[in-house]
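Visitor: Just so it is clear: in the sequence shown, position 129 is 131 by the numbering used here, and no numbers are missing.
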Amino acid sequence: MRALEESLNYALGASELFNVNDNSEYVETIIAKYIDHYTKQCVENADLPEGEKKPIDQRLEGIVNKMFQRCLDDHKYKQVVCIALETRRLDVFEKTIPESNDVPGMLAYSLKLCMTLMQNKQFRNKVLRVLVKIYMNLEKI
């Protein structure tokens, strides 16, 4: 366990040298742990008032953002939507659906996720508002 924590710290310290596009087991494990840690922080912050939110390490957020971009580049839109919802990143969620090659399918998928998996009513309502906004702009996409 200690070795994993050290690996996470080294990868964070490596900054730009940590290649999220490497498909090695090591990189995939580190990324999964980063996403778990980032998700935990985002969910905790979501429940706090604006002045009490804990800062998230920008290096960690940078790696998660690179992972989002990697998935978008690989056209793994469902994966991006799932991670964006899990991490409460509505900005990424809202950007991903119109960018996909199947907007109606992604809307249906997102709505199903929202209605079946989201326990937090306030966040679910925020997601539903984003979906309505995208539905309203569907003709423009």
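The C-beta atom is built at its ideal place from N, Cα and C for all residues, glycine as well.
1. Cα separation between A5 and D38?
2. Out of curiosity, what's the CA-to-CA distance linking E30 and M108?
3. Roughly how far, in whole angstroms, is the beta-carbon of I99 from the beta-carbon of I58, given that I think they are within contact range, below 8 Å?
4. Specify the secondary structure class of P57 as computed by DSSP and reduced to three states.
5. The alpha helix (DSSP H) with H77 in it runs from where to where?
6. Taking 9 Å as the cut-off, decide whether the C-beta atoms of V66 and Y36 are in contact.
7. Give me the Cβ distance between K56 and E46, rounded to the nearest whole Å; I'm assuming they're in contact under 8 Å.
8. Cutting at 7 Å between CB atoms, please list the residues of its own chain near R61, excluding the five before and the five after it.
Guide: So, from the listed chains and residues:
1. So the alpha carbons of these two residues sit roughly 17 Å apart.
2. Going by C-alpha positions, E30 is about 25 Å away from M108.
3. Here I99 is actually not in contact with I58; their C-beta atoms are around 24 Å apart, not less than 8 Å.
4. Taken through DSSP and simplified to helix, strand or coil, P57 comes out as coil.
5. In this chain, H77 is not harboured by any alpha helix (DSSP H), its DSSP state being neither H nor E.
6. For V66 and Y36, yes; Cβs fall inside 9 Å.
7. Indeed, because the Cβ distance is near 7 Å, the residues count as touching under 8 Å.
8. Contacts found: L14 and S17.
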